[in-house]
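What follows is a single structure, written as structure tokens, with notes after it.
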Amino acid sequence: MANPGGSFSFDIVVFGATGDLSLRKLLPALFLRDAAGQLEPDARILGAARQPLPQAEFRALAAQALDRHLPAGAFDKDVWARFEARLEYLALDVEQPEDYAKLAKWLRLDCGQVTVYYLAVAPRFFGPICRQLGAAGLNLPCARVVLEKPIGKDSASAKAINDAVGAVFPEEQVFRIDHYLGKETVQNLMALRFANSLFEPIWHRGVIDHVQMTVAENIGVEKRGGYYDQSGALRDMVQNHLLQLLCLVAMEPPVAFEADAVRDEKLKVLQALHRIGERDVAIKTVRGQYSAGAVNGGAVPGYAEEVERPETSTETFVVVKAEIENWRWAGVPFYLRTGKRLPQRRSEIVIQFRPVPHLIFPGASRDVVANRLVIRLQPDEGISLHMMAKVPGPGGLRLRQAPLNLSFAETFQDRQPDAYERLLMDVVRGNPMLFMRRDEVEAAWHWVEPILAGWDAQGDAPKHYTAGSWGPSAAIGLIERDGRTWHEDMR
Ligand code: NAD
Numbered sequence: 000m001a002n003p004g005g006s007f008s009f010d011i012v013v014f015g016a017t018g019d020l021s022l023r024k025l026l027p028a029l030f031l032r033d034a035a036g037q038l039e040p041d042a043r044i045l046g047a048a049r050q051p052l053p054q055a056e057f058r059a060l061a062a063q064a065l066d067r068h069l070p071a072g073a074f075d076k077d078v079w080a081r082f083e084a085r086l087e088y089l090a091l092d093v094e095q096p097e098d099y100a101k102l103a104k105w106l107r108l109d110c111g112q113v114t115v116y117y118l119a120v121a122p123r124f125f126g127p128i129c130r131q132l133g134a135a136g137l138n139l140p141c142a143r144v145v146l147e148k149p150i151g152k153d154s155a156s157a158k159a160i161n162d163a164v165g166a167v168f169p170e171e172q173v174f175r176i177d178h179y180l181g182k183e184t185v186q187n188l189m190a191l192r193f194a195n196s197l198f199e200p201i202w203h204r205g206v207i208d209h210v211q212m213t214v215a216e217n218i219g220v221e222k223r224g225g226y227y228d229q230s231g232a233l234r235d236m237v238q239n240h241l242l243q244l245l246c247l248v249a250m251e252p253p254v255a256f257e258a259d260a261v262r263d264e265k266l267k268v269l270q271a272l273h274r275i276g277e278r279d280v281a282i283k284t285v286r287g288q289y290s291a292g293a294v295n296g297g298a299v300p301g302y303a304e305e306v307e308r309p310e311t312s313t314e315t316f317v318v319v320k321a322e323i324e325n326w327r328w329a330g331v332p333f334y335l336r337t338g339k340r341l342p343q344r345r346s347e348i349v350i351q352f353r354p355v356p357h358l359i360f361p362g363a364s365r366d367v368v369a370n371r372l373v374i375r376l377q378p379d380e381g382i383s384l385h386m387m388a389k390v391p392g393p394g395g396l397r398l399r400q401a402p403l404n405l406s407f408a409e410t411f412q413d414r415q416p417d418a419y420e421r422l423l424m425d426v427v428r429g430n431p432m433l434f435m436r437r438d439e440v441e442a443a444w445h446w447v448e449p450i451l452a453g454w455d456a457q458g459d460a461p462k463h464y465t466a467g468s469w470g471p472s473a474a475i476g477l478i479e480r481d482g483r484t485w486h487e488d489m490r
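FYI, numbering that gives the first Met the number 0 numbers position 356 of the sequence shown as 355, with every residue one higher than the one before it.
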């Protein structure tokens, strides 16, 4: 299937090909992999969606999407000529059994290559699509099915989706995408921890005081208001992306860099999370909703106006104090924070070390700040270790915190590929390392669900914060009550 140069022959069927995810992420990612020489001449892409669309119009839609979403300078006419010829379109209503016969005609059923079914449609269709694929005999041994988030909205719905998909495709043929895991810096977390001898001996409660994880967005709900209003920040960001990051930071060293060895360790972290129920929810979580304000100098409306539901109580911001009940992490809180319409788009992990045990600089004691390791996931991916240093010059010993900075853009000059490029090729390669196993998804819901139930039982609405601020003041109160503060960008 793969030639020695690492290119692949495959058929990919994108269900929901005319949607936002397909046009903004999947087609550009496939184009860039084609440009990199990873697609064999016979690799084919079938866009499948409900609306009837002539082939030429689908190709024009794809060209428009590439024009809009490829990185500057990445479009190449020769690659486009090749890529365009791979693109075909099939009008298919996922709920109509007879449409799958049309799909069968397009597919190469002899399994001479990998067949990828990418479900870029609403999750309520995941089960029905798999059922129809099975009924039409298209659950081929060479097939891989890719599921987008959200996998359900609670444990029961996640289990129902997983059961429906699992009735047709065995687990090893199911790839649940969390695009955060495809980010270079997120994968680098594993390199940082397990390819350096420096960190592992200090990676525990004896040396680390606490961990902060922030995924901040400056955008609002954009066109996703309908979905988002049913979901909220806890389901949309914490249940998947933030918990996956937490697992990578907190897991034990896996016995091998292999999919199940890594996923077994992540699962143990999820199982060790202290459950936050009705009694703790008021002290261990804060939820907020943005009201009108200004972001990057521009006035923006409040969330309720954006989704046109004045009574909405969906949270667009959340902080959770997560605690892992095991020997390595007992007593080390992981503060998880995410929100929309915050001042910046910024994702980072801050490992806060404990202060030195004894100070020998009496005159400078107030200047000594405990070490911090900051892992920046976006923008400006990199790692900074904040250390104390002597300020140069005479005049007594003065101390100041200074960063040791590794910027990936400066050190590795190559373009950082988008997460979807990596993940799509991993699906084709059959490497499930960066995809969530069924038990991980269900364990994550198991932890999130009591928080949702606790909020419901409390019955109070999310606290308002002005768009362009760092969330409600209660978010600062939550961490300051513990004698700690949120990390401010110090690069
Ligand atoms: P979208 O609404 O823009 O597109 C949905 C697509 O599904 C369209 O192509 C539409 O024609 C097709 N479709 C709807 N009903 C159909 C039917 N009965 N038969 C065949 N096709 C049908 O949605 P999107 O934003 O592209 O999201 C798709 C999925 O990916 C959702 O599950 C979403 O939660 C998930 N997701 C999206 C993003 C994103 O950035 N857009 C990010 C993460 C996850």
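We treat Cβ as the ideally placed atom computed from N, Cα and C, and that holds for glycine. Please read all numbers here as calculations on a predicted model, not as lab measurements.
Across the set Arg371, Pro416, Phe434, the C-alpha of Arg371 shows the shortest separation from the C-alpha of asparagine 404. Taking non-hydrogen atoms of ligand 1 into account, the C-beta of proline 149 is found less than 7 Å away from one of them.
For glycine 362, the three-state secondary structure derived from DSSP is helix. When the five nearest sequence neighbours on each side are left out, the beta carbons in the same chain lying within less than 7 Å of the beta carbon of glycine 181 are those of Ala418, Tyr419, Arg421, Leu422, Leu433, in order along the chain.
Between glycine 231 and proline 471, the C-beta spacing is not below 8 Å.
Here the C-alpha atom of proline 309 lies approximately 21 Å from the C-alpha atom of alanine 456.
Closest option to leucine 137, judged by alpha-carbon separation, among Ala119, Ala100, Gly111: Ala100.
Judged by beta-carbon spacing, phenylalanine 9 lies beyond the 8 Å limit of leucine 69, meaning their Cβ atoms are not closer than that value. Put simply, the stretch 319 to 336 touches the stretch 209 to 218. At least three CB pairs are less than 8 Å apart. Assigned with DSSP and collapsed to three states, glutamate 56 falls in helix.
The stretch 39 to 50 makes contact with the stretch 76 to 87, as at least three CB pairs between them are under 8 Å. Membership of proline 449 in the alpha helix (DSSP H) is indicated by the continuous run 437 to 457. For ligand 1, no non-hydrogen atom lies closer than 7 Å to the CB of phenylalanine 407. Counting only the Cα atoms, tyrosine 179 lies some 13 Å from proline 149. DSSP places phenylalanine 256 outside both helix and strand once states are collapsed to three, so it counts as coil. Rounded to whole angstroms, the separation of the alpha carbons of arginine 340 and serine 468 is 8 Å. Going by beta carbons, isoleucine 348 and valine 248 fall inside the 8 Å limit. Under DSSP, histidine 385 shares a beta bridge with Arg371, Pro402. Assigned with DSSP and collapsed to three states, threonine 315 falls in coil, not helix or strand. Within the stretch 161 to 237, the alpha helix (DSSP H) runs of at least 4 residues that lie entirely inside it are, in chain order, 183 to 193, 224 to 230. Annotated three-state conformation of glutamate 347 is strand, per DSSP.
Within the same chain, Cβ atoms closer than 6 Å to the Cβ of glutamate 183 are found at Gln415, the five residues on either side in sequence being excluded. Around arginine 344, the same chain offers Ala215, Glu216, Asn217, Ile218, Gln377, Pro378 as residues with beta carbons nearer than 8 Å, after the five sequence neighbours per side are excluded. Under DSSP, glutamate 324 takes part in no beta bridge, so it has no partner.
Between the stretch 50 to 66 and the stretch 113 to 128, the count of Cβ pairs shorter than 8 Å is below three; the stretches do not touch. Shown here, aspartate 481 sits in coil according to DSSP, grouped into three states, outside any helix or strand. Within the same chain, Cβ atoms closer than 6 Å to the Cβ of valine 220 are found at Tyr227, Glu305, the five residues on either side in sequence being excluded.
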